[in-house]
Amino acid sequence: MPLQGKAFKYGANVDTDAIIPARYLNLHLPEDLAKHCMEDLDAGFINQVKPGDIIVADTNFGCGSSREHAPVAIQASGISCVIAKSFARIFFRNAINIGLPLLECEDAVDNINPGDMVEVDLAAGRVTNLSGPKTFTSKPYPDFMLQIVKAGGLVEHTKKKLSGAK
Amino acid sequence: MTLAEKILATHSGKASVSPGDFLSVKTDLVLSNDITAPMAIKEFDRLGVPGVFDPKKIVMVPDHFCPNKDIQSAEQAKMMREFARKHGLVYFEVGEMGIEHVILPEKGLVLPGEVVVGADSHTCTYGALGAFATGMGSTDIAIAMATGEIWMKVPSTIKFIFHGKPGQWVGGKDLILYLIGDIGVDGALYSAMEFHGEAISALGMDGRFTMSNMAIEAGGKAGLFHVDAKTRSYLKGRTTRKYTEYRSDPDAAYARVIEYDASKIEPQVAFPHLPSNTRPLSQVGDIAIDQVVIGSCTNGRIDDLRLAAGILKGRKVDRHLRCIILPGSQQVYLDALKEGLIEIFIRAGAAVSTPTCGPCLGGHMGILAAGEKCVSTTNRNFVGRMGHIKSEIYLANPAVAATSAVLGRIANPQEVV
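First to last, the sequence lines map onto chains A and B. Its first residue numbered -10, the first sequence is counted upward by one per residue in my numbering. Its first residue numbered 2, the second sequence is counted upward by one per residue in my numbering.
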């Protein structure tokens, strides 16, 4: 089923301190972290976000600290996927590992405005701006990563591998 | 192959690898800390494995919010401590601990040619020893703790050559800030960085740790140095384990080669709110400051404290400003004590803290109020990183930071020495 939601749009180099400030890293439960998601960058985010909504950002989204708390907070806030021109490396693998879908798609970012309704078909790598409307195609996941995503994250993927090895 | 490719090839049982290959890589050391371990432990428990792959190869360090800054931090530290005890991991308790990236090399836990993964972005610090070390998330670390292996994509390598001899107040911090200012905070995204040149050979180990440490601030996966006489001499007496020195082939393929003239690089200051927002010190202007922090995994080693003490000796910290100095480890603290540096700091009016990451990530020991400005030897100056979102962080080397503490504004060491 395609993901559908309202776009929250941000600029380049959104760092993990902005996604979840370090003062909340004394917490680790997803629901606790979600309450402070994007707090220092967009104080209104957490009161406006609805399940299914989508973050759209420029380049290098998730740069900085390795804190997995960042994708966990985004996921627990109800965001269904993040579309950006590029992602910072550690954020990228963290998101894949916990099953938060990310899409790299420059055209989509350039053609989605804050508040637009966006639909994402993950399997096809297709982003549609329903407020546009216009359709864009994202970079496909490499096969290796697709397996992790399909398994529902790295823990499930590894569990499968471990039980297969026995 | 490049240095990074050779290490990854040998750790995945392959004769050769190329950028873009996906590998399952064997890990020599798996690291986490008090803020990333709790999440890793939860994921580890979900795996349902009987134990860790090798307790001697798993390190946990309570350094970020430790000594515990509040009840929730205490609970997280406790969770980590109990897991470490249960599984017999390598664990450094408060009193013995220092900042993870300072103590792991210090204690000989990381050697050239090894693969280290850590749930901390500054794990790339160990590239200074010729190890392939990279930061990951908690789930990755859970998998590595259980299986001793982790997935990686082979990065392409960018070669940086620093020609010439750097000026008197220019150190590893300035070279890496200059580089990040040039290529940007995502200039080395998904890449391994390799450092070469006369200025690199001339750097001491502490300056090299500083440079590798900040590879992540350019988006890099690793920041690597080749082993030389300085590396070997650093390792002497720290380990009895054997290690392999890998070297990039003369015909290795690099994604880019970037060259700089180090003799033309001034001390650098990164302005708010990105490490790439650098300016040469001569073009900083008159910026009054409220706080100076000297320490962290970037600049909390003995060479850094010596530089700061050289400035602060016989001088006083400006009375309108707080200067906080955090030795990176108990060994650095002891060495500083023996050399009389701690007395210099205290007589100058600086506060000296037990080792902790503390203020660098806005944890404790020096949080900034709205409107305050701080010169810091740490690694990030993002919005709100050290406190209020309306505070400002200026990143600099320890000599510039100490001079700024004395003069109450961002200042050049030449003004006082």
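Every residue, glycine too, gets a C-beta built ideally from N, C-alpha and C.
Own chain, CB closer than 8 Å to residue i, minus 5 neighbours either side, in chain order
i: residue 318(B); result: 293, 324, 349, 350, 351, 406 and 407
i: residue 48(B); result: 143, 144 and 147
i: residue 109(A); result: -9, -8, -7, 43, 69, 70, 72, 90, 92, 115, 116 and 117
i: residue 392(B); result: 369, 370, 371, 372, 373, 374, 375 and 385
i: residue 205(B); result: 231 and 304
i: residue 21(A); result: 13
Proximity below 9 Å, CB of residue i to CB of residue j
i: residue 61(A); j: residue 87(A); result: yes
i: residue 263(B); j: residue 209(B); result: no
i: residue 295(B); j: residue 403(B); result: yes
i: residue 29(A); j: residue 362(B); result: no
i: residue 75(A); j: residue 93(A); result: yes
i: residue 370(B); j: residue 385(B); result: no
i: residue 201(B); j: residue 226(B); result: yes
i: residue 21(B); j: residue 52(A); result: no
i: residue 211(B); j: residue 165(B); result: no
i: residue 414(B); j: residue 281(B); result: no
i: residue 308(B); j: residue 398(B); result: yes
i: residue 358(B); j: residue 93(B); result: no
i: residue 3(B); j: residue 193(B); result: yes
i: residue 2(A); j: residue 186(B); result: yes
i: residue 278(B); j: residue 372(B); result: no
i: residue 253(B); j: residue 135(B); result: no
i: residue 19(B); j: residue 116(B); result: no
i: residue 59(B); j: residue 31(B); result: yes
i: residue 174(B); j: residue 378(B); result: yes
i: residue 126(B); j: residue 83(A); result: no
i: residue 15(A); j: residue 77(B); result: yes
i: residue 261(B); j: residue 342(B); result: no
i: residue 121(A); j: residue 47(A); result: no
i: residue 151(A); j: residue 50(B); result: yes
i: residue 105(A); j: residue -5(A); result: yes
i: residue 123(B); j: residue 300(B); result: no
i: residue 7(B); j: residue 249(B); result: yes
i: residue 133(B); j: residue 216(B); result: no
Bridge-paired residues (DSSP) for residue i
i: residue 358(B); result: Residue 358(B) is not bridged to any residue.
i: residue 193(B); result: 158(B) and 223(B)
i: residue 109(A); result: -8(A) and 116(A)
i: residue 388(B); result: 369(B)
i: residue 375(B); result: 292(B) and 394(B)
i: residue 133(B); result: 116(B)
i: residue 124(A); result: 117(A)
i: residue 4(A); result: 52(A)
i: residue 260(B); result: 162(B)
i: residue 279(B); result: 271(B)
i: residue 151(B); result: 26(B)
i: residue 408(B); result: For residue 408(B), which the question treats as bridged, DSSP gives no partner whatsoever.
i: residue 32(B); result: 60(B) and 119(B)
i: residue 352(B); result: 325(B)
i: residue -3(A); result: 44(A)
Whole-number beta carbon distance between residue j and residue i, since they are thought to touch under 8 Å
i: residue 121(B); j: residue 214(B); result: Their Cβ separation, rounded to whole angstroms, is 11 Å, which puts residue 121(B) and residue 214(B) out of contact at 8 Å.
i: residue 178(B); j: residue 276(B); result: 7 Å
i: residue 425(B); j: residue 89(B); result: This structure leaves residue 425(B) out entirely; chain B is present only between 2 and 418.
i: residue 36(B); j: residue 84(B); result: Contact doesn't hold; Cβ gap of about 14 Å is too wide.
i: residue 240(B); j: residue 109(B); result: 4 Å
i: residue 255(B); j: residue 160(B); result: 5 Å
i: residue 313(B); j: residue 345(B); result: 6 Å
i: residue 119(A); j: residue 107(A); result: 7 Å
i: residue 45(A); j: residue 44(B); result: Not a contact, Cβ separation roughly 28 Å.
i: residue 163(B); j: residue 198(B); result: 4 Å
i: residue 228(B); j: residue 131(B); result: 4 Å
Residues near residue i by beta carbon distance below 7 Å, same chain, minus five either side
i: residue 26(A); result: 8, 9, 34, 35, 62, 63 and 66
i: residue 274(B); result: 382, 383 and 384
i: residue 330(B); result: 99, 100, 103, 104, 107 and 356
i: residue 285(B); result: 270 and 411
Same chain, Cβ closer than 6 Å to residue i, neighbours up to 5 away in sequence not counted
i: residue 81(B); result: 35, 38 and 61
i: residue 245(B); result: 114
i: residue 148(A); result: none
i: residue 125(A); result: 94, 96, 97 and 116
i: residue 303(B); result: 333 and 336
i: residue 207(B); result: 302 and 304
i: residue 190(B); result: 220
heavy atom of the ligand GTP below 8 Å from residue i C-beta
i: residue 311(B); result: Ligands in the displayed structure: none, and consequently the ligand GTP is not present.
Query raised in the report: Given a limit of 7 Å on CB to CB distance, which residues of the segment 162 to 194 of chain B reach chain E?
Result: No chain E appears in this structure, whose protein chains are A and B.
Requested in this report: Within the segment 45 to 121 of chain B, note down every full beta strand (DSSP E) run reaching 3 residues or more, in order along the chain.
Outcome: 59 to 62 and 116 to 119
Report task. Counting only runs of 4+ residues fully inside the segment 19 to 98 of chain A, write out the alpha helix (DSSP H) ranges in chain order. Result -> 19 to 23, 34 to 37, 58 to 65 and 78 to 87
**Report entry** Residue ranges of each alpha helix (DSSP H) within the segment 304 to 345 of chain B, 4 or longer
**Finding:** 331 to 339
Requested in this report: Please specify which runs of the alpha helix (DSSP H), each continuous and at least 4 residues long, are wholly inside the segment 196 to 253 of chain B, giving them in chain order.
Outcome: 199 to 203, 206 to 214 and 230 to 236
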